[in-house]
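**Student:** For reference, the structure I am asking about is given below.
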Amino acid sequence: MTENSTTALFQVFDQSATVLMQSLETSYLDAFIETADNLLDKRTVRVENGLPAKQTVQELTVLYQKVDYQKMDAQDIRRAIQMVMIKATKVDHIQAVHQITPDTIADLLGYLAAGLVAGREQLRILDPAVGSANLLTAVMNQLQDRVTKTVSGFGSDNDASMISVASISAQMQRLSLELVQQDSLTDLAVPQVDLVVSDLPVGYYPIDENVQNYETHSHTGHSYVHHLLMEQAVNQLQAGGFAFFLVPSQLFQSPKAKGLLGWMQDQVFLQGILNLPQDLFLNEQAQKAILIVQKRGADARQADRVMLGEFPSFDDKVALQKFIDDLVVWEKQALLNSK
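FYI, the UniProt record's numbering numbers position 250 of the sequence shown as 250, with every residue one higher than the one before it.
What follows is the structure in structure tokens.
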């Protein structure tokens, strides 16, 4: 069973990271990166300056023999790494901006994107706030069988540890993912793409001089980083390409919404905004929504009906399935112009 595979791999990750954490006197996350690199390197325990000690090397070697990630399904590997990141968030007190996107939401984004890319020969996907790449790799896995040849991913993040985890995840899942460690609001070192998916960080961007050329920058005080990243991501989209952003549900009610709306009117078609269930969040202010936009150009057009709504509780399986079925019909009729 896949659940057992995920659990078994997580246990090897967790136990070996805990051993290395104590041996190397490092963080849980750095210890995980070290142990995952060992597994990628044919289960070879790297020793530098006598560390880890011989006894620890033997202990790790035994642990590494308990599982073979190369025989596992990609999604099971991703979920095991997701479990590691959840634990790392607690053990290392990782800041909220690096918390992973839950599978339920990642699955929704992948499902919505699938109908728009089906039948393509190749697909390039970007996440400009890639973090540990849980969202990006989840969507890439879902789209593999919708594309006739290759799905290629591109991600950027300014956190070296997150980029390391993302690289490990992609290698273990056997995915084509090109990663860049950089401030995603400077000149982005990735090619034009066909699709964007991103769980955008929310807050202010502190370096005002970096974003003076952005249409969404604020003329008073700092700019919202989520506004800027939307603009940057759309700049990387091919004409007619779609972007799926996770954004605050109050996106258009903020004091800085006017600038965002002005940019959107010129550059994209707003095709839908779908609030996620309120019961997923601590309060109304924390609630998020899926924003669907399409870059102008090529054969892109404004949908006859913008999809507005709120998902029912994920616990209500019947209502949720009906809502998703309605979304599929809307995609076909409004976005793909098919009956």
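Idealized CB from N, CA, C, for every residue including glycine.
1. Which runs of the beta strand (DSSP E), 3 residues or longer, sit entirely within the stretch 176-253?
2. So is residue 325 buried or exposed if we call it buried at 16+ other beta carbons inside 10 Å?
3. Need the endpoints of the beta strand (DSSP E) that residue 268 sits in, please.
4. For residue 260, which residues from the same chain have a beta carbon less than 7 Å from its beta carbon, with the 5 sequence-adjacent residues on both sides left out?
5. Are the C-beta of residue 178 and some C-beta of chain C separated by less than 7 Å?
6. With DSSP as the reference, label residue 100 as helix, strand or coil.
7. Based on DSSP bridge pairs, tell me the residues matched to residue 294.
8. Work out the CA separation of residue 265 and residue 304 for me, nearest whole Å.
9. Specify whether the stretch 241-255 and the stretch 286-299 touch according to this definition: at least 3 beta carbon pairs, one from each stretch, less than 8 Å apart.
10. Mind checking which residues open and close the alpha helix (DSSP H) that includes residue 139?
11. What alpha helix (DSSP H) runs, 4 residues minimum, are completely inside the stretch 2-48?
12. Is it buried or exposed for residue 313, if we count other Cβ within 10 angstroms and need 16 for buried?
13. Taking the straight line between their C-alpha atoms, what separation do you get for residue 308 and residue 41?
14. Tell me the residue span of the beta strand (DSSP E) that contains residue 326.
15. Kindly indicate which residue of 335, 16, 302, 292 has the alpha-carbon position closest to the one of residue 108.
16. Are residue 200 and residue 245 closer than 7 Å when you measure CB to CB?
17. Give me the Cβ distance between residue 138 and residue 155, rounded to the nearest whole Å; I'm assuming they're in contact under 8 Å.
18. Whole angstroms are fine: how far does the CA of residue 255 sit from the CA of residue 221?
19. Among the candidates 179, 192, 169, whose CA atom is the shortest distance from the CA of residue 123?
**Tutor:** Looking at the coordinates:
1. Qualifying beta strand (DSSP E) stretches, in chain order: 176-181, 193-199, 237-248.
2. With fewer than 16 other Cβ atoms within 10 Å, it is exposed.
3. Counting along the chain, the beta strand (DSSP E) containing residue 268 begins and ends at 268-275.
4. If we look at residue 260 and ignore the five residues flanking it on each side, its Cβ neighbours are 216, 227.
5. Absent from the structure is chain C; it holds one protein chain and no more.
6. Residue 100 falls in the coil class under three-state DSSP.
7. The partner list for residue 294 (beta bridge, DSSP) reads 242, 269.
8. Taking the straight line from one Cα to the other gives about 16 Å.
9. Segment contact: the stretch 241-255 against the stretch 286-299, three or more CB-CB distances shorter than 8 Å; contact assigned.
10. 134-143 is the extent of the alpha helix (DSSP H) around residue 139.
11. Within the stretch 2-48, the complete alpha helix (DSSP H) runs of at least 4 residues are 2-24, 28-40.
12. Classification of residue 313: exposed, given that the 10 Å Cβ count is below 16.
13. Each residue's alpha carbon lies about 48 Å from the other.
14. Per DSSP, residue 326 belongs to no beta strand (DSSP E); it is in the alpha helix (DSSP H), 317-330.
15. When each option's Cα is compared against that of residue 108, the closest is 292.
16. With contacts defined as CB atoms closer than 7 Å, residue 200 and residue 245 qualify as a contacting pair.
17. With a contact defined as Cβ atoms closer than 8 Å, residue 138 and residue 155 miss out at about 13 Å.
18. Those two C-alpha atoms are separated by around 12 Å.
19. It is 192.
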